[in-house]
Amino acid sequence: MCNFVLEKHFDRIKAAYEVCVFTNGIRPEPEDNIKKFESNYVFIPSEYRWLLLNLGGCYLAEPWIFDLKELEENYTFFEEAYEEYMSECEHGQAFPIGGLGDGSIVFIDLE
14 MCNFVLEKHF
24 DRIKAAYEVC
34 VFTNGIRPEP
44 EDNIKKFESN
54 YVFIPSEYRW
64 LLLNLGGCYL
74 AEPWIFDLKE
84 LEENYTFFEE
94 AYEEYMSECE
104 HGQAFPIGGL
114 GDGSIVFIDL
124 E
């Protein structure tokens, strides 16, 4: 997994959110909502969790990054599709974080 630290780029990311028309109405996710998701499914990777807590979903360009509602809508589907698709391959764990306009899901490789 990447050791990219989003926090040190917070000012730049926030400035991009403020000027982009696609991020109007995007708000940080309440920690209680994130904890609820984690208790129902799995822990959210730290970088993605930080982004959700501090900024919310990300719609600056493709790929877009799921907000918590979109994550919840797509998580179970992703797990099933990923396992089926990767059933003949050796692979590690992955976590869905967003998507592309063609319906593809973008994920973080957790290893």
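Numbering (our numbering), first residue to last: 14 to 124. Ideal Cβ positions, reconstructed from N, Cα and C, are used throughout, including at glycine.
Classify residue i as helix, strand or coil using the three-state DSSP reduction.
i    : result
V119 : strand
I39  : coil
M14  : With a pLDDT of only 43 at M14, under the threshold of 50, the placement of this residue in the model should not be trusted, and no figure is reported.
F56  : coil
P86  : Note that residue 86 is Glu in the sequence shown, not Pro. Here E86 sits in helix by DSSP.
E20  : helix
E103 : coil
What number of angstroms, rounded off, separates the C-alpha of residue i from the C-alpha of residue j?
i    : j    : result
Y30  : G112 : 18 Å
E97  : F91  : 10 Å
S100 : P41  : 35 Å
P43  : E103 : 36 Å
G2   : W77  : As displayed, the chain neither begins before 14 nor continues past 124, which places residue 2 out of reach and without an answer.
G38  : E85  : 19 Å
Have a look at the DSSP bridge pairing and note the partners of residue i.
i    : result
F108 : I121
W77  : G112
C208 : Residue 208 lies beyond the stretch modelled for the chain, which goes from 14 to 124, so this question has no answer here.
Here's the rule I'm using: 16 or more other beta-carbon atoms within 10 Å means buried, otherwise exposed. How should residue i be labelled?
i    : result
L123 : exposed
D24  : exposed
F56  : exposed
Worksheet item: Would the segment 32-47 and the segment 99-112 be scored as touching if the rule is three or more Cβ pairs under 8 Å?
Response: Touching, no.
Discussion item. Under 8 Å: do the segment 69-81 and the segment 21-36 share three or more Cβ pairs, one atom per stretch?
Written reply: Enough Cβ pairs lie closer than 8 Å, so yes.
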